[in-house]
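Comments concern the structure below.
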DNA sequence: CTCGCTTGTCTAGCGATGCTAGGATCGAAT
DNA sequence: ATTCGATCCTAGCATCGCTAGACAAGCGAG
């Protein structure tokens, strides 16, 4: 059986290569540049190989999104853990979120802008996505305020951050005042 | 010269037809279904005619966006005008914004999600876009709070609404609690 | 060690996309 | 009536996501 196991390992390895390459290409030149042909060429296999791993481009985007969700959760937890007091924690969370969106725009798009064929806010939502939301929830629960469901507050706060992130990156908002807008959001939304 | 004028009128008429048809098609089947071929077929002209009016698909999206911006401004002003007191006005504004996004998803996408080749938040920003922002600003200025620039507050509030709108429509947020999230946003962000 | 067969990969191609070149046609002006 | 310019369409290019079918490599059986 060792032969089959080796093949399986190699296959898994190649799948990781596909996802990593897709992500890299997307970060370098945007998701529009991630065509199945270019991707196949970069991993030095032919196009149909991609389809033996994923149903299509959509699933590749989904795979990048899941990877990104895990990283985002780690980044947010690290940021909040290093902060003292509820207010500092929320500020750190917001900054970490926006920094992630800015530093990894392609991953952020895979997560929240594009269709990766993933289920959100349901029972069958993939674990990394649930965990990323949980990371938000952990920090924001303590500032939701009385009579407000922590989940509801987290959703609202998250949506606000998402709006800032996307509008800024699309050039709809001047980037200079990002920090001030973030402060305003934290000051007003969080009950301290 | 009357002949030329007639031709010019007909040309303008056809241009409006293109924009209206593109918008209709986008609302019916999404922007992905708006291909230059389908669009050309619907207006009963050949493809290249589209390119004698617009540089490309992008500019058509832009034209729909401008139309939408004007309508959105009207809708928001109508909503705020019918409300008594600052709090009711802001609530009405938020509801009108989200309702517009929900009722005209394709137009909303053209405005804030897709690339219509338009300049935002600059001097050469088209008038309809400036006016839509102005409509937000008019209502939100009175609740920005002391020491907060009205523009900055408006941008932040707008971003929050945008986040709610997009995440809800993309299935990232359960739609049931939209109203409660809106209330939360108004209650916390606006200084009443 | 050889042979057949499964498994895996590649070449080639399909329909569709945005966009454009070049010829045909139609109408206005002389 | 004829010329000439504007207007429009046919046809085509490169590229897209995706797939069918041929081909080869490597396995287990005899």
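Chains as they are written, first to last, in my numbering: chain A, 1 to 192; chain B, 1001 to 1192.
Just so it is clear, CB atoms sit at the ideal spot from N, CA and C, and this is done for glycine as well.
Reference residue i, options the options, closest by Cα
i	options	result
residue 163 (chain A)	A:113, A:106, A:42, A:71	A:113
residue 1073 (chain B)	B:1031, B:1057, B:1108, B:1059	B:1108
residue 145 (chain A)	B:1056, B:1187, B:1031	B:1187
residue 1102 (chain B)	B:1161, B:1189, B:1060	B:1161
residue 168 (chain A)	A:157, A:86, A:182, A:151	A:182
residue 1117 (chain B)	B:1045, B:1057, B:1031	B:1057
residue 157 (chain A)	A:131, A:185, A:134	A:185
Where residue i falls, given that 16 or more other Cβ within 10 Å makes a residue buried
i	result
residue 1007 (chain B)	exposed
residue 1065 (chain B)	buried
residue 1041 (chain B)	exposed
residue 1005 (chain B)	exposed
residue 1125 (chain B)	exposed
residue 82 (chain A)	exposed
residue 192 (chain A)	exposed
residue 1055 (chain B)	exposed
residue 149 (chain A)	exposed
residue 68 (chain A)	buried
residue 85 (chain A)	exposed
residue 155 (chain A)	buried
residue 1078 (chain B)	exposed
Whole-angstrom distance between residue j and residue i, CA atom to CA atom
i	j	result
residue 71 (chain A)	residue 111 (chain A)	12 Å
residue 33 (chain A)	residue 75 (chain A)	27 Å
residue 1 (chain A)	residue 98 (chain A)	Summary for residue 1 (chain A): the model assigns pLDDT 48, below 50, so the residue's position carries little reliability, and this model does not support an answer.
residue 1137 (chain B)	residue 38 (chain A)	45 Å
residue 1088 (chain B)	residue 1080 (chain B)	8 Å
residue 22 (chain A)	residue 1143 (chain B)	45 Å
residue 173 (chain A)	residue 19 (chain A)	31 Å
residue 171 (chain A)	residue 1053 (chain B)	26 Å
residue 129 (chain A)	residue 62 (chain A)	11 Å
residue 1091 (chain B)	residue 1140 (chain B)	10 Å
residue 104 (chain A)	residue 1059 (chain B)	28 Å
residue 1050 (chain B)	residue 1043 (chain B)	10 Å
residue 1047 (chain B)	residue 1028 (chain B)	21 Å
residue 1159 (chain B)	residue 26 (chain A)	25 Å
residue 166 (chain A)	residue 9 (chain A)	38 Å
residue 189 (chain A)	residue 1189 (chain B)	6 Å
residue 1045 (chain B)	residue 94 (chain A)	51 Å
residue 1106 (chain B)	residue 1115 (chain B)	13 Å
residue 35 (chain A)	residue 147 (chain A)	49 Å
residue 1100 (chain B)	residue 1024 (chain B)	15 Å
residue 1017 (chain B)	residue 1153 (chain B)	38 Å
residue 31 (chain A)	residue 1030 (chain B)	20 Å
Start-to-end residues for the alpha helix (DSSP H) that takes in residue i
i	result
residue 97 (chain A)	86-103
residue 1120 (chain B)	No alpha helix (DSSP H) contains residue 1120 (chain B), which DSSP labels as neither H nor E.
residue 1076 (chain B)	1057-1081
residue 1041 (chain B)	1036-1043
residue 1143 (chain B)	Here residue 1143 (chain B) belongs to no alpha helix (DSSP H), and DSSP marks it neither H nor E.
residue 1175 (chain B)	First-last for residue 1175 (chain B): undefined, no H or E at that position.
residue 46 (chain A)	Where residue 46 (chain A) is concerned, there is no enclosing alpha helix (DSSP H), given that its DSSP letter is neither H nor E.
residue 1158 (chain B)	1150-1169
*Is the number of C-beta pairs between the region 102-121 of chain A and the region 1008-1016 of chain B that are closer than 8 Å three or more?*
no
_Any contact between the region 1174-1181 of chain B and the region 164-178 of chain A? By contact I mean 3 or more CB pairs, one from each, below 8 Å._
Per the Cβ contact rule, the region 1174-1181 of chain B is not in contact with the region 164-178 of chain A (fewer than 3 Cβ pairs under 8 Å).
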